[in-house]
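Just add 378 to the spot in the sequence shown (first one is 1) and you have our numbering. Glycine included, C-beta positions come from ideal geometry on N, C-alpha and C.
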Amino acid sequence: MRMIMQKMSGALMGTFLLGVAVAAVASISLHAEKGAAADPAPVDIKIDNFTFAPQRLIVRAGTTVIWRNRDDIPHAIASSGRLFKSKALDTDDTYAFTLTTAGTYEYFCSLHPQMTGTIVVEDQIGGDAGH
Numbered sequence: 379m380r381m382i383m384q385k386m387s388g389a390l391m392g393t394f395l396l397g398v399a400v401a402a403v404a405s406i407s408l409h410a411e412k413g414a415a416a417d418p419a420p421v422d423i424k425i426d427n428f429t430f431a432p433q434r435l436i437v438r439a440g441t442t443v444i445w446r447n448r449d450d451i452p453h454a455i456a457s458s459g460r461l462f463k464s465k466a467l468d469t470d471d472t473y474a475f476t477l478t479t480a481g482t483y484e485y486f487c488s489l490h491p492q493m494t495g496t497i498v499v500e501d502q503i504g505g506d507a508g509h
């Protein structure tokens, strides 16, 4: 590489280095885009006044959902399909679970079963899932 660079004229050298820099930036940008698709941002569900908000949530596969108890009494999260279950969450406690497989997941508060929610998990391929 050093010999090649010594033989290049000043203008040609500048063009060569610019090309190397552009290729490096393009490679980094492409890698960052792939990383963003592979690692969706966590999404919160607020527990307050005996409700989950939002009650229905649509996320991409690989999303971590975080339930935050903002109520003044304990609540516990349990999926209807027994995929996940939290301990009792006191005020300001959180429970997180990463949903990796597309599908519809029903959940409820195991201390107050009338409290229910739904999470729809979409494949990462197929566009924006919206939140």
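Review point. Can you tell which of Asp468, Gly495, Phe430, Asp422 has the C-alpha that lies nearest to the C-alpha of Gly459?
Key: In the sequence shown, counting from the first residue as 1, residue 459 sits at position 81. The shortest C-alpha separation from Gly459 is found at Gly495.
Check your understanding: In this structure, what does DSSP give as the bridge partners for Ser457?
Key -> Position 79 of the sequence shown holds residue 457. Answer by DSSP bridge pairing, in chain order: Tyr485.
Practice item. Specify, as a first and last residue, the run of the beta strand (DSSP E) that Leu435 falls within. Key: For this step, residue 435 is matched to residue 57 along the sequence shown. Leu435 -> beta strand (DSSP E) spans 434-438.
Point to revise | Same chain only: Cβ atoms within 6 Å of Ala404, ignoring 5 sequence neighbours per side | key: Working through the sequence shown from its first residue, we reach residue 404 at position 26. Residue placement at Ala404 is poorly supported in this model, since its pLDDT is 43, which falls under 50; the coordinates are not used for a value here.
Practice item. Use the C-beta contact count for Leu461: other C-beta atoms within 10 angstroms, 16 or more gives buried, fewer gives exposed. Key: Counting from 1 along the sequence shown, the entry for residue 461 is found at position 83. With fewer than 16 Cβ atoms within 10 Å of its Cβ, Leu461 is classed as exposed.
Review point. Candidates Glu500, Gln502, Asp470, Phe475: which alpha carbon is nearest His453's?
Key: Within the sequence shown, the letter at position 75 stands for residue 453. The residue with the shortest Cα to Cα distance from His453 is Asp470.
Point to revise | Asn447 vs Asp468 beta-carbon contact at 8 Å | key: Locating residue 447 in the sequence shown gives position 69, where the first residue counts as 1. Locating residue 468 in the sequence shown gives position 90, where the first residue counts as 1. Yes.
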